[in-house]
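The structure under discussion appears below in the form of structure tokens.
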Amino acid sequence: MFVYIARRLAGMLLVMLIVAAVVFVIARVVPGDPAAVMLGSAATPEDVAALRVRLGLDQPLATQFLLYLGQIATFDLGDSIFLNRPVAQALAERAELTALLTLMSVSIAVLIGVPVGILSAAMRGRWIDQGAVALAMLAASVPSFWIGLTLIKYLAVDLPWFPVSGYGPPDAGFAERLRHLVLPAIALGIPNSALILRFTRTSMLDVLGDDYVRTARAKGLTPATVVLKHALRNAMIPILTVIGLTAAVMIAGAIVTETVFGLPGVGNLIVSAVQRRDYPVIQGALLVVSGIYVLINLSVDLLYAVVDPRVRY
Amino acid sequence: MASLPAGATAVPAPAAPPKGGSRSPMALLLRQLLRRPLVVVALVLLAAILAVAALAPWIMPYNPMKMDIIGRLKPPTAAHWFGTDEFGRDVLSRVMQGARLSLLVGVLVVAVAALLGTLLGLAAGYLRALDGALMRLTDALMAFPDILLAIAFMAALGPSLYNVVLALGIVYTPRVARVVRAASLVVREMPYVEAATALGCSTPRIVFLHILPNLLSPIVVQATFIFASAILTEAALSFLGVGVPPTTPTWGNMIAGAQQYFRQADWLVLFPGLAIVLTVLALQIVGDGLRDALDPRLQKVT
Amino acid sequence: MTPFRSLFASAVGAMLFGAAAISGAPAAAQTPASVVTVATIGEPPTLDPVGVTSDLVSIITQHVFETLFTFDKDWNLTPLVAAALPETSADGRTYTIPLRSGVAFHGGGNVTAEDVVASLERWTRLSPRGKTTAPLIESIRAKDASTVVITLKEPFAPLTALLAMNNGAAVVVPKANIDASGPLKALAGTGPYRLLEHKPDQYIRLVRFDGYASPAGPASGYGGARAAKIGEVRFVPVPNATTRVEGMLAGQFQFADSLPAEMLGRIKDAPGVTPVVVKPYGFPLMIMNTKTGVLANTALRRAVLAALTPNDMMLAAFGDPAFFAPEGSIYGPGTPYHDAASAKPYTENDPAVAADRLKAAGYKGEPVRIMTSTQYDFLYKMSLVAQANLQQAGFTVDLQVLDWATLLQRRGDEKGWDAFFTYHTFVPEPSLITFLNPSYPGWWDSPEKRAALAAFNGEMEPNARKAKWVELQKRFYAEVPTVKIGDFYNLAASSGRLKGYTPTPWPFFWNTELAD
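Here the protein sequences come in this chain order: A, B and C. Our numbering puts the first sequence at residues 5 to 317. Our numbering puts the second sequence at residues 1232 to 1533. Our numbering puts the third sequence at residues 51 to 566.
Take a look at the structure:
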């Protein structure tokens, strides 16, 4: 078992190295020049060339890559070209928002998805089940930016219940911040609740078909007891893992949602960095987000290895 | 987004062993699908959308690129059923043209992902020597959330319809590869494959004649969902301004361009949005129907 | 099983909560009595106004930094950090500039001639405007503690206007903050507001500078007395134009800049919100490559001019005719440099004429590569109409939709493009117009144009300058290096509570108040 874990950890490092290489190559072949963006429309090519030298963009690619790997090894993500601060700091400044947004969206997705999924499985084939499955499919078919635009129109403009955009004034308290995240969390949570709902339903159905559940039924236990006490406990591990994975997916979903709602989070930073050609930020953000993703995936795999003896080490 | 997380697809979906008897598996599958009314409705809807896409050049009421600046932003009328856009172009014609383009993106993405994914998955599943390296590669690709990887690729490749296809094709390849690998690991151990090996059949012959046909159903199911995801992700990429060039009327581009007119001309956002929702919904229902029909595990509880 | 479960939990936990812990709580700062929140089009690339010519940077930094001169409401030169307009020697080569006494820097200390000399020298090194001026400058020196003298190699009329511009700006900063090559050591100027806090992509907080020494005289445009009546001006980047409008209507902002003209109706209808129309504001341009490629041929550029339909282009771009004018004169009616006669070719749009010119020039369908960007929605829209116009006239068009960053990079490569769309903000002095500079992409530099520009720049007398400008505009329409598509006006919105606001291309908030 420990050998397996050590091997997986080594594999993870290898994966991260490939990730770093992919990230570096992508960031460098991006057309467009950060120097030209910074200098504005009246800049002449000479000005741009001079700034490129100052930013180290004139070095050969191989040199830039080696320097980059050296930096990563010391947990240094470099300095943002555009923001005049270390990339790690820029990410940290925006992490709170994205973490809160993810947490709220996951909560919404779980609060909708898990109970409805359980109910749906328990009522398999009946109209409640069919309605829930149909709604889940509908929710998963709607682009999240469309949900966002619609929420803004009805719940922020027509009825001024929530702010239209942004993260509140600098001195806003925690409650105010949360209020700014309600609509984005709904827009992001709804499509993902569909995923959790369907996964919960499938896991429950899996378990409900198992022999011990049949035995429990045969013993004459009430359906509620069977579902909630016996089946749910065993269906919970796959459900928990899918919740974890949903959280990982949401970090990416936040890119679109933060753009729609003008939230200064990590997702927004990535989109702006692409527009501004801020290579270090693109690299750093991709690396950190995919690092989190890899960690979650690894945990899920390990969990499966523990839970499901059929997986070979 | 509607993308399935990595782990959900990583659960091996064992392929149904070849059934004996004279009835073809396809006929069985079709019969099972047609038993479910929702799936039938979805299939009809999908066929209708495909028909519109195929016949668009002949049934479009107007040239979708023809501008009429004076007649801009007109609400739906008898002459323009879906209204006109900010250049006075006919929205109905553009939604039809959009069907052509958005479905083209979806189909091509599926083709790229299925081809690359199947080759990678078979290689990893059957050739043990390659397994480790190939799986690390797919791990690395799956380490990026799909829209993030697509954005990064698009930023690097530049906006074009074929670059979107390439980027999304690469993004979804690992999904197919994982499913194919997992299923081929199971199939590889089946007695009839072992028998073929014992009889001295060549590796390509075993892979393509004995293993691949048994992987078709998980691939088809996966392809349906990738089709749906590709349409949604293309729309999101276009919304962020890094997708198909905005001059091309895909559904995503139509919504992205109409965003600022949402309040005064909501038909501009409504109709392409409905087109996306209906298409993706139909694909998901069909995909679900296929998976249920092919996955014996779900038939345990009646 | 337990260790693994907790590993998983901690991985998720680290992601969800750990990140929040790193960033910590935002710095608790005291909120001044009145705050005006201004929604801008995005995050500025820098807060140092010298090195860049971005309008966004100017809008924000003009509250913090000040130039020697500025413009009054009629775009006449007026002193700011200087005590008076410069004394010019008879040969037009020596400018003697007296400084106001007691002008305080935000970081402490008063402005001296030493600071001004160091600031101007920095401007000639770093500013795109300063760099084009530098070859003409013989010396910049301090005559005494409160007088600066600039000596030129030859007469150069635009000098004072260049010193007054608020982008690529010749701002006065403490000599001690200037590093030979690097950025400013501190963002301290002499303006009515000082920088309190900058959180990129979130906000820039400027607060009243209590030690501010205002110029004398009644307020007029950017000139005259300045008083910081509002305690804090907060600039918030909101790149989505629709969101700027929605936020304005919802009362989140007290001012929102650069709004889509189509939104005028909604802004008018909203209680407590006033539309602000800025006129003149800017002019969209289709810059053509006069150096290489298919449009290096003047006859083809003249065919382009005949093929375009400026009114349709402007209508598609701005929607409401109240927000644009199809105006060919580079300076519109009501400005000193307006001249309709020399801009007549602008009105001669005719696809047939264009087709004839194409044939006469021997055009064989070589693709015309036009670069545009959706980052500026109106440019994108007019480029689509232009594409349709040019195709109708017989051109083969390759319209490339790029993001702005890529466009800025590609336009530097003369082999990569034939035309691109951009816009120019109104500038009071014609020689500040970018495409007149032969090193600006497009590279308009015929001998005739060079002579006309030199004659204009060397002329000091206003009426004679106007005549020489007309000559230059004639060259512009004879050689068509660029098509001026028209004039457009900027729509902004201001809260009904904001009193005393003066519409200008670069909005400023001194002398405004926030009523209760």
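Where is the CB? At the ideal position from N, CA and C, for every residue including glycine.
Closest by C-alpha distance to residue i, when choosing among the options
i	options	result
C:Pro310	C:Gly281, C:Phe259 and C:Lys431	C:Lys431
B:Leu1286	B:Leu1440, B:Ala1309, B:Arg1331 and B:Met1296	B:Arg1331
A:Ala251	A:Arg202, A:Asn196 and A:Arg221	A:Asn196
B:Leu1346	B:Leu1264, B:Val1407 and B:Leu1274	B:Val1407
A:Asp80	A:Leu17, A:Ala289 and A:Leu153	A:Ala289
A:Pro188	A:Thr261, A:Leu61, A:Val253 and A:Gly213	A:Thr261
B:Ile1450	B:Ala1413, B:Ala1461, B:Val1271 and B:Gly1302	B:Ala1413
A:Ala140	A:Ala176, A:Arg98, A:Leu199 and A:Ala99	A:Leu199
C:Arg419	C:Ile380, C:Ala469 and C:Lys123	C:Ala469
C:Ala564	C:Ser545, C:Arg351, C:Ser264 and C:Phe558	The question names Ala, yet the displayed sequence has Leu at residue 564 of chain C. Answer by Cα proximity: C:Ser545.
C:Tyr426	C:Leu358, C:Leu212, C:His474 and C:Leu209	C:His474
B:Leu1416	B:Leu1353, B:Phe1456 and B:Met1296	B:Leu1353
C:Asn507	C:Met298, C:Pro95, C:Arg143 and C:Ala275	C:Arg143
B:Ala1309	B:Leu1323, B:Met1296, B:Ile1300 and B:Met1298	B:Leu1323
C:Leu246	C:Ile535, C:Glu282, C:Arg525 and C:Val131	C:Glu282
Contact with chain C by residue i, beta-carbon distance below 8 angstroms
i	result
A:Tyr171	yes
B:Ser1253	Interpretation of B:Ser1253 is limited by its pLDDT of 44, a score under 50 that renders its predicted location unreliable; no figure is taken from the coordinates.
A:Pro49	yes
A:Ile76	no
A:Ala160	yes
A:Gly266	yes
B:Pro1295	no
B:Pro1376	no
A:Asn196	no
Any C-beta of chain A under 8 angstroms from that of residue i
i	result
C:Pro290	Here the sequence assigns Asn to residue 290 of chain C, which means Pro is not the residue at that position. By this cut-off, C:Asn290 is an interface position.
C:Glu93	yes
C:Thr293	yes
B:Ala1466	yes
C:Glu296	yes
C:Pro76	Note that C:Pro76 has pLDDT 38, beneath the 50 cutoff, so the model's placement of it is unreliable and the number below is only indicative. Interface residue, yes.
Any non-hydrogen atom of the ligand SAH within 7 angstroms of residue i CB
i	result
A:Ser207	This structure lacks the ligand SAH; in fact it carries no ligand of any kind.
Cβ of residue i within 8 angstroms of any chain B Cβ
i	result
A:Ser145	yes
A:Ser294	yes
A:Leu107	no
A:Met240	no
A:Leu226	Sequence check: residue 226 of chain A is Thr here, not Leu. False, the Cβ-Cβ gap to chain B never drops below 8 angstroms.
A:Tyr8	no
A:Ala54	no
C:Leu434	yes
N-terminal and C-terminal residue of the alpha helix (DSSP H) that residue i is part of
i	result
B:Gly1520	Trp1498 to Leu1525
C:Gln540	Note on residue identity: the sequence assigns Asn, not Gln, to residue 540 of chain C. Not the alpha helix (DSSP H): C:Asn540 falls in the beta strand (DSSP E), residues Asp537 to Ser545.
B:Phe1556	Absent from the structure is residue 1556 of chain B, since the part of chain B shown begins at 1232 and ends at 1533.
B:Val1411	Leu1392 to Arg1419
B:Val1275	Pro1268 to Ile1290
Chain-ordered chain B contacts of residue i [CB-CB under 7 angstroms]
i	result
A:Trp131	Those do not exist, as A:Trp131 stays about 12 angstroms from chain B at its closest Cβ, beyond 7 angstroms.
C:Ala438	Met1298
Under 8 angstroms by beta carbon: chain C residues contacting residue i
i	result
B:Pro1477	Thr424, Tyr430 and Val451
A:Gln279	Gln425, Asp453, Trp454 and Ala455
Closer than 8 angstroms at the beta carbon, the chain D residues around residue i
i	result
A:Met127	In the displayed structure, chain D is absent; the protein chains listed are A, B and C.
Boundaries of the beta strand (DSSP E) in which residue i is found, first to last residue
i	result
C:Pro325	Val323 to Met338
C:Lys414	First-last for C:Lys414: undefined, no H or E at that position.
Where residue i meets chain C, residues with beta-carbon distance less than 9 angstroms
i	result
A:Phe79	In chain order: nothing, as chain C lies at least about 13 angstroms away.
Cross-chain neighbours of residue i in chain A, by beta carbon under 9 angstroms
i	result
B:Ile1516	Ala138 and Met141
**OP:** Please name the residues in the region 1479 to 1503 of chain B whose beta-carbon is closer than 8 angstroms to at least one beta-carbon of chain C, in chain order.
**Re:** Gln1490, Gln1491, Tyr1492, Phe1493, Arg1494 and Gln1495
Original post:
Using a beta-carbon distance cut-off of less than 8 angstroms, what residues from the region 1308 to 1320 of chain B approach chain C?
Top reply: Glu1317 and Phe1318
Original post:
Going along the chain, which residues of the region 361 to 372 of chain C sit with their C-beta nearer than 7 angstroms to a C-beta in chain B?
Top reply: Asp362, Leu365 and Ala366
Original post:
Name the residues in the region 13 to 27 of chain A whose C-beta lies less than 7 angstroms from a C-beta of chain B; which are they?
Top reply: Gly15, Leu18, Val19, Ile22, Val23 and Val26
Original post:
Closer than 9 angstroms, Cβ to any Cβ of chain B: which residues of the region 299 to 320 of chain C, in chain order?
Top reply: Pro310, Glu312, Met313, Gly315 and Arg316
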